[in-house]
Amino acid sequence: MVEHKESGYGWVGIDKESDFLKTRKSELQMNSGIHGLDICDPDELERAAKLFYRDGFVCVKEVLTADQLSFLRSGCDRVIKEMLDLDPARTGNRGSHRYSFGGASKTGGQLHHPEWAMLVDIPIVSEIVSAIFGSADYIVRSGGGDFCLPGAIDYQPLHSDMSDRQVISGRQGKEFVFGSFSDPEGRMNYRDLPCPYICCNFLATDFTRLNGPTRQIAGTQRSQQPMPSLEQEPAWMKLSTVCPVPAGSVLIRDVRAWHGGTPNLSEEVRAIPNVEYFAPWFREPMPISMPYDVYQTLSAEGKLRCRYIVGQPGEALQTGYRKYLGGTPPGSQSRPVDMSSSELMA
Ligand SMILES: [Fe+2]
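See below:
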């Protein structure tokens, strides 16, 4: 976002003139980006659905008007500033200089802001999501997304945004449940299912080679193979970034597809606010994250899709930010990896 170019939001405690970063920058400049990346026009519904099922993701350009993009940027700018005021050292909640909008919020999302609520009601995106699910009866799970600052120099490990149900024991015998899908007979896991869960990331800025575009590994949405760690990950995967893609586009992801954040060595903040959808036949527990007055601004279709996350009339949702911006779950934090320049050049 242009507003941040000279704002000093990034590069806190990092020497951007180091030899390491100069080398990394030139490597990305030369080699980052998926060759022959397909980008759909907004009216190519069938092609978008086909590419989504082939690759586990698809980019569609020009889904936001200039006014919508400007409105979305203003919302991102406001929330980013509020979050950074709470984190002057840029510790991040997904690694240094890297942040989840949803993870930082007490509701788990940002749909209490009109700029995010707008994203639920973009007709062209709703049509594409309908084409993907084969039905318009899908529902909104939440809306958040992420951003990274200049100076997010590390890679986030490849990961999936969902999993089979896992029960993890915490302190004082407290149990935490992650994920929902579970087959008591053990015949299937969540990767055997048709796509249950879609994330629509809206590009508030261009995705460029240098500003931390998402990397997506095509065709991995149904893979039963273990995901490589940062140390095991081959160079071609680290360079498999979704770029260049213009601002105002949407990156629609099957959240099971292997993906991760990449370094932002530019001078701009890269933000991709999102809306997340469950298939008509899939459910997980969903926190209430949209106030009733915001819900009232939606179209009839938008209201229907948000019926499980809306608060009661007059109910004041607890919004604001979590302590330490929600912290960082294991496996989601970007971190340094020992990686020779020759490996990235391969
Ligand atoms: Fe993710």
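If you want my numbering, it's the 1-based position in the sequence shown plus 5. Backbone N, C-alpha and C define an ideal beta-carbon position, used for all residues, glycine too.
With 16 other Cβ atoms within 10 Å as the buried cut-off, status of residue i
| i | result |
| --- | --- |
| Val-280 | buried |
| His-102 | buried |
| Ile-173 | exposed |
| Tyr-202 | buried |
| Met-193 | exposed |
| Pro-290 | exposed |
| Asp-20 | exposed |
| Trp-286 | exposed |
| Pro-199 | exposed |
| Ser-294 | buried |
| Ser-23 | exposed |
| Gly-113 | buried |
| Arg-258 | buried |
| Asp-60 | buried |
| Arg-95 | buried |
| Tyr-329 | exposed |
Residue i (DSSP reduced to helix, strand or coil)
| i | result |
| --- | --- |
| Ile-293 | coil |
| Gly-107 | helix |
| Ile-266 | Residue identity check: residue 266 is Gly in the sequence provided, not Ile. If DSSP states are grouped into helix, strand and coil, Gly-266 belongs with coil. |
| Arg-192 | coil |
| Gln-171 | strand |
| Ser-147 | strand |
| Glu-273 | coil |
| Phe-25 | helix |
| Cys-64 | strand |
| Arg-99 | coil |
| Val-125 | helix |
| Val-315 | strand |
| Arg-280 | Here residue 280 is Val; the residue named in the question, Arg, does not match the sequence. Correct three-state label for Val-280: strand. |
| Ala-321 | coil |
| Tyr-326 | strand |
| Ala-141 | coil |
| Tyr-160 | strand |
| Arg-214 | coil |
| Arg-340 | strand |
| Val-17 | coil |
| Thr-333 | coil |
Residues near residue i in its chain [Cβ-Cβ closer than 7 Å; skip 5 each side]
| i | result |
| --- | --- |
| Ile-129 | Pro-47, Val-68 |
| Glu-238 | Leu-163 |
| Asn-216 | Thr-210, Asn-269, Ser-271, Glu-273, Arg-275 |
| Gly-265 | Tyr-160, Gln-161, Pro-162, Leu-163, His-164, Arg-220 |
| Tyr-313 | Ile-144, Met-291 |
8 Å CB neighbourhood of residue i in its chain, flanking five on each side removed
| i | result |
| --- | --- |
| Met-123 | Gln-73, Phe-76, Leu-77 |
| Val-125 | Leu-116, Val-145, Gly-148, Val-280, Leu-303, Gly-307, Arg-310, Cys-311 |
| Gly-319 | Tyr-297 |
| Glu-87 | Tyr-326 |
| Val-7 | In this prediction, Val-7 has a pLDDT of 45, which is less than 50 and means its spatial position is unreliable; what the coordinates show is noted afterwards. Within the same chain, Val-7 has close Cβ partners Glu-273. |
| Ala-71 | Gly-253 |
| Arg-214 | Leu-33, Gln-34, Ser-37, Gly-38, Thr-246, Cys-248, Pro-249 |
| Arg-170 | Val-182, Phe-183, Gly-184, Ser-185, Phe-186, Ser-187 |
Boundaries of the alpha helix (DSSP H) in which residue i is found, first to last residue
| i | result |
| --- | --- |
| Pro-119 | 119 to 122 |
| Ser-79 | 71 to 90 |
| Asp-259 | Unbroken run through Asp-259 is the beta strand (DSSP E), 255 to 259; no alpha helix (DSSP H). |
| Phe-183 | From DSSP, Phe-183 is part of no alpha helix (DSSP H) but of the beta strand (DSSP E) over 180 to 183. |
| Glu-132 | 128 to 138 |
| Glu-306 | 305 to 310 |
| Ala-223 | Premise fails: Ala-223 is in no alpha helix (DSSP H) and is neither H nor E. |
| Ala-252 | Taken as a continuous stretch (DSSP letters only), Ala-252 belongs to no alpha helix (DSSP H), as it is neither H nor E. |
| Trp-241 | 240 to 243 |
Contact set for residue i: own chain, Cβ-Cβ below 6 Å, skip 5 residues either direction
| i | result |
| --- | --- |
| Ser-105 | Asn-98, Arg-99, Asp-151 |
| Gly-331 | Asn-98, Gly-108, Ala-109 |
| Trp-263 | Leu-163, Ile-222, Thr-225, Met-232 |
| Val-182 | Val-172 |
| Gly-316 | Ile-293, Pro-296, Tyr-297, Leu-322 |
| Ala-54 | Ala-136, Ile-137 |
| Val-63 | Ala-53, Leu-56, Phe-57, Ile-257 |
| Ser-3 | No statement about residue 3 is possible, as the shown extent of the chain runs from 6 to 351 and does not include it. |
Segment limits, beta strand (DSSP E) that includes residue i
| i | result |
| --- | --- |
| Phe-207 | 202 to 207 |
| Phe-57 | Element bounds for Phe-57: not the beta strand (DSSP E) but the alpha helix (DSSP H), 50 to 60. |
| Phe-287 | From DSSP, Phe-287 is part of no beta strand (DSSP E); its letter is neither H nor E. |
- Is the region 25 to 37 touching the region 235 to 249 in the sense that three or more CB pairs, one from each, lie closer than 8 Å? yes
- Message: Closer than 8 Å is the cut-off here; do at least three beta carbon pairs connect the region 223 to 237 with the region 297 to 309?
- Response: Touching, no, given that fewer than three Cβ pairs across the two stretches are closer than 8 Å.
- Message: Pairs of beta-carbons, one from the region 274 to 289 and one from the region 206 to 225, closer than 8 Å: are there three or more?
- Response: yes
- Message: For the region 77 to 95 against the region 127 to 141, do three or more pairs of beta-carbon atoms, one drawn from each stretch, fall closer than 8 Å, so that the two count as touching?
- Response: No, because fewer than three Cβ pairs between the region 77 to 95 and the region 127 to 141 fall closer than 8 Å, the two stretches do not touch.
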